[in-house]
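Protein chains in written order, with this note's numbering: chain A, 112 to 368; chain B, 44 to 429. Beta carbons: idealized from backbone N, C-alpha and C, even for Gly. What you are looking at is a predicted structure, and each value in this text was computed from that prediction instead of being measured. Data block below; observations after.
Structure follows, in structure tokens:
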């Protein structure tokens, strides 16, 4: 098997005595779309925090391997350095710049130099403009490019944030509950968008909505987290049929929306 | 949509610059004292002080209004700039002091007969000017580096800056710092060979302050419109998003903090020769609080707001401290509360508010037309139509 893009090995993280993540091992390969599910408090957000440098693990290894280059130890880097390696994160609650226009939101996210002085003399190239036009069409906000992001509907903010992630041209996208607060139709289209990104990018999607998970997982691998560790991994149907999973998660009479 | 107010602002600034830089000093210099149009030397000097405060207020707004960093210790940098200029002015007194010695009076009083080593280079104006920028800049760099690296934010940052200026204030009160103790520096005589008591010198200082204000305004306007300024506001609104987008937010905050310290210091440096005194009370905690009030009253997060606020509040202060000297702070507090509660956007938001109110009155309630803008689009999230 080829070298994994992201490898998380025996990672643990404790907050005030509470084991948020314990001995978690997880591999993701290039181009994969992985869905991570798990009941509340299973450690899904902490898992993302550890990968993106918001929190440091107490033990274990997290490595991000560009097949061409030697892998990087993510536990030694901070948020912006990890982002610059090509890991983009979408937060659970849409996190956009409410006082900026949709266009500026994307502009600030575009891949490019990130230093203070670079932003003093920044000019948009025509390639940048074309790329942003294409992104605006992709996320369906073309007509609202001059709107302040704060005026967008909740679902539109989610889409904008996904667009901002794509503008960074990341290798790996970490997407935390993208469908939260969306209508069924929006949810479905979000799913289509994410599926279309797989291959070009690698994705980890955390989600609660089972209909949505079924849609994006198709016959891809699903990882179930429980009490900070991997309960099981496999295809959606296998996972759903797994008695352990039914017990901790699905059996609670909460099969999606 | 946002272009018209911008053009309006440009015109307003152009007219104001003309009045401040040409008309007022012209009326002071070229009209007879008896004329109704004449502006007295006292008034020009007073206006010069207001302009210093306006520059100072801009530095606070660039930090607070645009970057979300509420510094409650900005007066430290203002005072430090003033002290650096003051050291030069003290040297220029020469032997015209009370003790007729070649070193400043307070040093004679403390028993010194030669100049302490660190005072020596301050006989040079370029050096003093350099230190006006370098010392506050360096202190801001070190303080900011430590604060932002440790991710000190919000109220904690404000408290820390306030404590820092208070500590500096206590330090400058000490005689053994050799910076004049609680009396500070005063009784200045000359600046670059010109007599400071001469109206023409004061007018030139007033003009310098006006140019400094214009320059600072233009710099801030440029900074806030380019990508840098957009990052600044993005940090204010959602720092995490910026950080997780690959920007080292601490570097941006540090850059702004140092820049604002330098702006405040330059304001202090032109302030001191105009008021003729600098002492540690300029760094007292309430000085930094006052400037925050000016910014809030004028309108934070705008560039005209702090200028309007600084001038308005100080004009009121000049009047109120003469008319009702004991009531000024109560009045200032009341003004602050009124603005925060009834006019959160400050004075500069008043025209917009009045226009909105006027439009609402003329046009009876109507469906707000936020929803379908332009042709229906395909593939857009359909929240609009639900």
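In angstroms with no decimal places, state the Cα-to-Cα distance between residue 427/B and residue 116/A.
The predicted position of residue 427/B is uncertain, since its pLDDT is 33 and thus under 50; a value taken from the coordinates is nonetheless stated next. C-alpha separation (whole angstroms): 39 Å.
When the Cα atoms are used, what is the spatial distance from residue 68/B to residue 249/B?
8 Å
Would you mind reading off the limits of the alpha helix (DSSP H) that contains residue 159/A?
Residue 159/A -> alpha helix (DSSP H) spans 155-163.
Given this structure, state the Cα-to-Cα distance separating residue 345/B from residue 282/B, to the nearest angstrom.
20 Å
Residue 343/A bridges to which residues according to DSSP?
335/A
If the cut is a Cβ gap below 7 Å, which residues of chain B does residue 200/A touch?
287
Taking the DSSP output, what are the residues bridged to residue 250/A?
Answer is none; residue 250/A lacks a bridge partner.
Could you list the residues in the region 317-336 of chain A with a C-beta less than 8 Å from some C-beta on chain B, going in chain order?
none
Cutting at 6 Å between CB atoms, please list the residues of its own chain near residue 149/B, excluding the five before and the five after it.
223
Taking 8 Å as the CB-CB cut-off, is residue 284/B touching chain A?
Closer than 8 Å to some Cβ of chain A, the Cβ of residue 284/B qualifies, so yes.
Around the C-beta of residue 348/A, are 16 or more other C-beta atoms found within 10 angstroms, so that it is buried, or is it exposed?
exposed
With residue 289/B as the anchor, note down where its alpha helix (DSSP H) starts and where it stops.
First-last for residue 289/B: undefined, no H or E at that position.
Indicate whether residue 342/B and residue 272/B have their beta-carbon atoms separated by less than 8 Å.
no
Along chain B, in chain order, which residues have C-beta atoms closer than 7 Å to that of residue 256/A?
The contacting residues do not exist; residue 256/A stays about 11 Å from chain B at best.
Residues of chain A with CB under 8 Å from residue 281/B, in chain order?
206, 207, 208 and 209
Which residue's Cα is closest to the Cα of residue 307/B: 236/B, 252/B and 275/B?
252/B
Where does residue 186/B land, buried or exposed, given buried means 16+ other C-beta within 10 angstroms?
buried
Could you name the residues of chain B that residue 279/A contacts, counting a contact when the two beta carbons are closer than 8 Å?
Within 8 Å Cβ-Cβ: 288 and 289.
Runs of 4 residues minimum, wholly inside the region 276-342 of chain B: which ones carry the alpha helix (DSSP H) assignment?
292-318 and 328-341
Return helix, strand or coil for residue 118/A, following the three-state DSSP convention.
strand
Can you confirm whether residue 420/B, when its beta carbon is compared against all beta carbons of chain A, has any partner nearer than 8 Å?
Bear in mind that the predicted position of residue 420/B carries a pLDDT of just 33, short of 50, making it too unreliable to give a figure here.
Relative to the C-alpha of residue 279/A, which candidate in 218/A, 143/A, 141/A and 151/A has its C-alpha closest?
218/A
Run through DSSP, which three-state label would residue 174/A get?
Here residue 174/A carries a strand assignment [DSSP, helix/strand/coil].
Using a Cβ-Cβ cut-off of less than 7 Å, list which residues of the region 242-273 of chain B approach chain A; keep chain order.
269, 270, 271 and 273
What residues are listed by DSSP as bridge partners for residue 212/A?
259/A
Under 8 Å by Cβ, that's how I've got residue 95/B and residue 313/B pegged, so tell me the actual separation to the nearest angstrom.
Rounded, the Cβ-Cβ distance is 6 Å, consistent with contact.
Using 10 angstroms around the beta-carbon of residue 194/A, count the other beta-carbons present and answer buried if the total reaches 16, otherwise exposed.
buried
Return the Cβ separation of residue 203/B and residue 123/B in integer angstroms, given the expectation that the two are a contact with Cβ distance under 8 Å.
The pair is not a contact, with the Cβ atoms about 17 Å apart (cut-off 8 Å).
For the beta strand (DSSP E) containing residue 136/A, list its first residue and its last residue.
129-139
Got a sec? Which residues, its chain only, sit under 6 Å from residue 141/A by beta carbon, not counting five neighbours each side?
116 and 313
In angstroms with no decimal places, state the Cα-to-Cα distance between residue 346/A and residue 283/A.
21 Å
How long is the line joining the alpha carbons of residue 113/B and residue 332/B, rounded to whole angstroms?
10 Å
Under the rule that 16 or more other beta-carbon atoms within 10 Å means buried, what is residue 206/B, buried or exposed?
Residue 206/B should be labelled exposed.
Please return the same chain residues whose Cβ sits closer than 6 Å to the Cβ of residue 249/A, not counting the five positions on each side in sequence.
none
Could you check if residue 55/B is buried or exposed, using at least 16 other CB atoms within 10 Å of its CB as the buried criterion?
exposed
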